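In this note's numbering, the protein residues as written are -12 to 226.
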DNA sequence: CCATTAAACACCC
DNA sequence: GGGTGTTTAATGG
């Protein structure tokens, strides 16, 4: 497993345009002044993280707010026993880590790239400055935190109420949450095994559920990925 | 019984 | 080589 430091880096010009892509789909940038925007662009670091590498690590001091320009990460925690639990996926256009920054604690989870990803790291100082200077930014964080809270409440609820098919459906719907992943496209490249980790199911069971969802016309199965055809249908599946 | 899963295997990209 | 589909044997409600 490679660490962040050893990951490949693209050219500065590449990085700048990739960062601009991310900022373009992020809601909180819309009301920023040119000056604010320029400061963010100059202080935020962009890094290519290869598949399997850490986007950020549990226990490290929280120096950055992290945005996914392109790619997919899984948020996990490893218990002392070695058991790994996957909390949620983070995908294109999404930002995370604000909770740890606001609480000023160490990071409580690992995020591992499930495929080659482009990641933006906004320094804590920049984040705090935005927090102090932009009402829009504060509103965005409030909406984001609320959305995530809703997602986690939903996870508990669906875990207890729904069968495996419903859990898979809900898991996929969560990945495609337009608030938390505004830049995501209908086709997502993720293995069925990883969906299993997200939903807490075995690979075969996920495969079975996906076929059910496929037959219901909610998704289309592809090799190494899934196309979402009906997000609302996924959300409501099993109710 | 029935559903689920781990393990093993054979395809296919 | 990794992702996928399938079979088989074991497990547990």
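Here a beta-carbon is modelled for each residue, glycine too, at the ideal position from N, C-alpha and C.
Remember, predicted model here, so these are calculated numbers, not experimental data.
Give the straight-line distance between the Cα atoms of residue 100 and residue 72, rounded to the nearest whole angstrom. Locating residue 100 in the first chain gives position 113, where the first residue counts as 1. Locating residue 72 in the first chain gives position 85, where the first residue counts as 1. Taking the straight line from one Cα to the other gives about 15 Å.
Hey, quick one: how far does the alpha helix (DSSP H) through residue 30 stretch, first residue to last? Here the question's residue 30 lines up with position 43 in the first chain. Element bounds for residue 30: 21 to 30.
To the nearest angstrom, how far is it from the Cα of residue 59 to the Cα of residue 24? In the first chain, counting from the first residue as 1, residue 59 sits at position 72. In the first chain, counting from the first residue as 1, residue 24 sits at position 37. Near 25 Å, if we compare the C-alpha coordinates of residue 24 and residue 59.
Unbroken beta strand (DSSP E) run spanning residue 229, endpoints: No answer is possible for residue 229: the residues shown for the chain start at -12 and end at 226.
Buried or exposed (CB count within 10 angstroms, at least 16 for buried), residue 104: Looking up residue 104 in the first chain gives position 117. Buried is the call here.
Inspect the CB distances between the stretch 172 to 187 and the stretch 153 to 163 and report whether three or more fall short of 8 Å. Result yes; three or more Cβ-Cβ pairs closer than 8 Å.
Every unbroken alpha helix (DSSP H) within the stretch 158 to 190, with a cutoff of 4 residues, ordered by chain: At a cut-off of 4 residues, the continuous stretches assigned as alpha helix (DSSP H) that sit fully inside the stretch 158 to 190 are 179 to 186.
In or out: residue 193 buried (at least 16 other Cβ within 10 Å) or exposed? Taking the first residue of the first chain as 1, we reach residue 193 at position 206. Looking at its Cβ environment, which holds 16 or more other Cβ atoms inside 10 Å, residue 193 is buried.
For my contact list, residue 152 and residue 200 are in at a C-beta cut-off of 8 Å; report their separation, rounded to the angstrom. Residue mapping note: residue 152 aligns to position 165 of the first chain, counting from 1. Residue mapping note: residue 200 aligns to position 213 of the first chain, counting from 1. With a Cβ gap of about 7 Å, residue 152 and residue 200 count as contacting.
Apart from the five residues on each side of it in sequence, which residues of its chain come closer than 6 Å, Cβ to Cβ, to residue 44? Numbered from its first residue, the first chain carries residue 44 at position 57. If we look at residue 44 and ignore the five residues flanking it on each side, its Cβ neighbours are 97.
Taking the beta carbon of residue 139 as the centre, do at least 16 other beta carbons fall within 10 Å, making it buried, or is it exposed? Within the first chain, the letter at position 152 stands for residue 139. Looking at its Cβ environment, which holds fewer than 16 other Cβ atoms inside 10 Å, residue 139 is exposed.
Excluding five sequence neighbours on each side, which residues of the same chain lie with their C-beta closer than 6 Å to the C-beta of residue 5? To locate residue 5, count along the first chain from 1; it is residue 18. If the five residues before and after residue 5 are omitted, its C-beta is found closer than 6 Å to the C-beta atoms of 33, 56 and 105, all from its own chain and listed in chain order.
I'd like the span of the alpha helix (DSSP H) that includes residue 85, first residue to last. The sequence position of residue 85 within the first chain is 98, counting from 1. That run of the alpha helix (DSSP H) goes 85 to 90.
Buried or exposed for residue 197, going by 16 or more other Cβ atoms inside 10 Å? Within the first chain, residue 197 is the residue found at index 210, counting from 1. Residue 197 should be labelled buried.
Within a Cβ cutoff of 6 Å, which residues of the same chain sit near residue 167, ignoring the five residues on either side of it in sequence? The residue labelled residue 167 in the question sits at position 180 within the first chain. 81 and 134.
Cutting at 8 Å between CB atoms, please list the residues of its own chain near residue 203, excluding the five before and the five after it. Counting from 1 along the first chain, the entry for residue 203 is found at position 216. Cβ neighbours of residue 203 beyond the five flanking positions: 220 and 224.
Nearest residue (CA-CA) to residue 79, options 49, 172 and 69: Taking the first residue of the first chain as 1, we reach residue 79 at position 92. Nearest option by C-alpha distance: 172.
For residue 103, report the span of its alpha helix (DSSP H) as first-last. Position 116 of the first chain, counted from the start, is the residue given in the question as residue 103. Residue 103 -> no alpha helix (DSSP H), and no H or E assigned at all.
Going by DSSP in three states, residue 36 sits in which element: helix, strand or coil? Within the first chain, the letter at position 49 stands for residue 36. DSSP places residue 36 in strand when its eight states are reduced to three.
Does DSSP put residue 153 in a helix, in a strand, or in coil? As a first step, residue 153 must be located in the first chain, where it is residue number 166. Of the three classes helix, strand and coil, the one that applies to residue 153 here is helix, per DSSP.
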